[in-house]
Amino acid sequence: MNPYMMAPGDETIVADRLHAILAAPPKKEETPPPARPTADLSGPWDVRVEYAAGTSMHGFNLRQRENDVDGAHRGDFVTRDLTGTIDGDAVRLHSALGESTGDAVSYTFTGKVRGDEMAGTLDLGEYLGGLWTAKRRAARRG
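With our numbering, the residue at position 31 of the sequence shown is 16, and numbering never jumps.
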């Protein structure tokens, strides 16, 4: 809206409405801090992804610092960066495959951790989703 479009007296209507909106801004709900993690996700994980038409084996190599998680997500063809959080036993991990390969695919893994296992749902945006399970890879000895 430009001032030249207003008729005499419209400035009062606009001013009153702006004052009403700015005098009582919506309250932002306080977000509680994340719960203490129930597990340390650091290390390598073998991940099984179940799509509507088949399964695939992926891998995570994770590093956890308090509630923040980062690392790498190895898919069928490429490894990409991964970020995420752990809130109590709730896990949310995200990675994206950029358009440099011709397709852009975003992976959002949401689930729960129980000891050395995780499981939940996978959101692939326009490519729908699936289910996933992960098991911590046993340390090699020798």
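Glycine is no exception: its CB is placed at the ideal position from the N, C-alpha and C atoms. In this text the structure is predicted, and so the values were computed from the model without any measurement.
- request: Please say whether A123 and V32 have beta carbons closer to each other than 9 Å?
  value: no
- prompt: Looking only at its own chain, which residues have a Cβ that is under 8 Å from the Cβ of V90, when we skip the five neighbours before and after it?
  reply: Answer for V90: A81, L82, L109, G110, Y112, listed in chain order.
query: Ends of the beta strand (DSSP E) at T118?
result: 114 to 121
message: Let's see if you can read the secondary structure: which residues bound the alpha helix (DSSP H) around D1?
response: -5 to 8
query: In this structure, what does DSSP give as the bridge partners for P29?
result: N46
message: Using a 10 Å radius around the Cβ and a threshold of 16 neighbouring Cβ atoms, would you call H4 buried or exposed?
response: exposed
query: Between the C-alpha atoms of H79 and G96, what's the straight-line distance to the nearest angstrom?
result: 12 Å
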